[in-house]
Amino acid sequence: MRDLSKEEESRLQKSYRFKDMKMEDIMQEVGRVMSGLSNYTGLVMAPKFASTVFRQIEFVRLSHGRLLVIYVSETGLVQNKVIAADPSLTARDLEQISHYLNCEMTGLSIPKVREKIARELKAERIRYDALQQQALELSREALQEKTEDLVFVSGTSLMLEQPEFSTPERMKRIIHALESKKTLIELLDRSQVAQGVQVFIGSRSEHTEIEGCSLVTASFSSKKGAIGTLGVIGPVRMPYSQVIPIVDFTAQLVSRILEREVE
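Under my numbering, the first residue of the sequence shown is numbered 237, with each subsequent residue one higher.
Dropping the structure here:
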């Protein structure tokens, strides 16, 4: 498998315009550009919640006893969650709670944050500080494991233009696979525990929704552990010598962006 030339790398890097973009927008842009360069469908799975590093949390009152939690990771990923809370908490209380948590938890991985919350809640002194106890209990609820994976899909129409998927039945299965994302997430998850570029080929015995398709993937990460996956899905006959270098270089590029964001 050939490597990209310096000229190709430069041209590929210029295709990505990340300046002043939020992390979610970067993920969408990565999928869009990979789709455009390969003429197939681009996929990006954002780093899992548990692999992120805490930067900031904010609580916004929605209604009586309900709060919107806005969590921001060090790489800039934003995740929202609605939780139940003591209706007597004031806006000032929520501001103080956010300030306390941001001072105490910034720079810690989510598993470390959870450990610290559990440890602090057991401490004797916490019984004498009601607001601090509220802060820890709210953060424990807010930072519970999220089950939903964030996957960006770009260029779905390009799959439907392939002659292999022109029949109504094949078209229906492909659309279902791209919309439900269950199979895609399973395969993208596998890529996270492997090194380098991975190629998955759909078969009748496994992942029948993507039978006749190939998925080329690679993981990206930062030194602090945020791991995600990106790739391209297309027909089995796709030109791997062109697609693999695009996926490989893009994963390296996104890893460099993550490193820059957490510095």
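From the three backbone atoms N, C-alpha and C, an ideal C-beta is built for every residue, glycine too. For clarity, every value in this text was computed on a predicted model and none was experimentally measured.
When you compare the CB positions of residue i and residue j, do they come within less than 8 Å of one another, or not?
i, j, result
"V302", "A320", "Correcting the residue type first, residue 302 is Arg in the shown sequence and not Val. Contact: yes."
"S324", "E294", "no"
"F436", "G267", "no"
"T403", "I446", "no"
"V483", "V472", "no"
"Q249", "L489", "yes"
"G464", "M281", "yes"
"I306", "V318", "no"
"G312", "M259", "yes"
Starting from residue i, follow its DSSP beta bridges and name the residues at the other end.
i, result
"C339", "Partner(s): none; C339 has no beta bridge."
"P471", "C449"
"Q368", "DSSP, once it has assigned bridges, lists no residue as partnering Q368."
"K317", "V305"
"R297", "L303"
"L466", "V280 and A454"
"S345", "V289"
"I437", "S450"
"S390", "G278"
Evaluate residue i with the Cβ neighbour count: other Cβ atoms within 10 Å of its Cβ, from every protein chain shown; 16 or more gives buried, anything less gives exposed.
i, result
"S455", "buried"
"I351", "The displayed chain sequence assigns Glu, not Ile, to residue 351. Exposed, by the Cβ-count rule."
"C449", "buried"
"G470", "buried"
"K417", "buried"
"E422", "exposed"
"E265", "buried"
"A378", "buried"
Between residue i and the rest of its own chain, which residues show a CB-CB distance below 6 Å, the 5 nearest in sequence each way excluded?
i, result
"Q292", "V308 and N338"
"Q434", "S427 and T453"
"I410", "M395 and F401"
"L372", "I353, E356 and L357"
"L298", "L304"
"E331", "none"
Suppose the cutoff is 7 Å on Cβ atoms and the five residues either side in sequence are ignored; what does the same chain contact list for residue i look like?
i, result
"A487", "A454, S455, F456 and L466"
"A413", "T419, L420, E445 and I446"
"S246", "none"
"M257", "E265"
Sorted by chain position, which residues of the same chain lie with C-beta nearer than 8 Å to residue i's C-beta, five sequence neighbours on each side aside?
i, result
"S491", "F456, S457 and S458"
"R216", "There is simply no residue 216 to check, as the chain begins at 237 and stops at 499 in what is shown."
"S441", "Residue confidence for S441 is low, a pLDDT of 48 falling below 50, so the modelled location carries little weight; the figure read from the coordinates is stated next. Cβ within range, chain order: n/a, list empty."
"D329", "L367 and Q370"
"N316", "L304, V305, I306 and Y307"
Check: Any chance the region 271-284 sits against the region 467-482, with 3 or more Cβ pairs inside 8 Å?
Finding: yes
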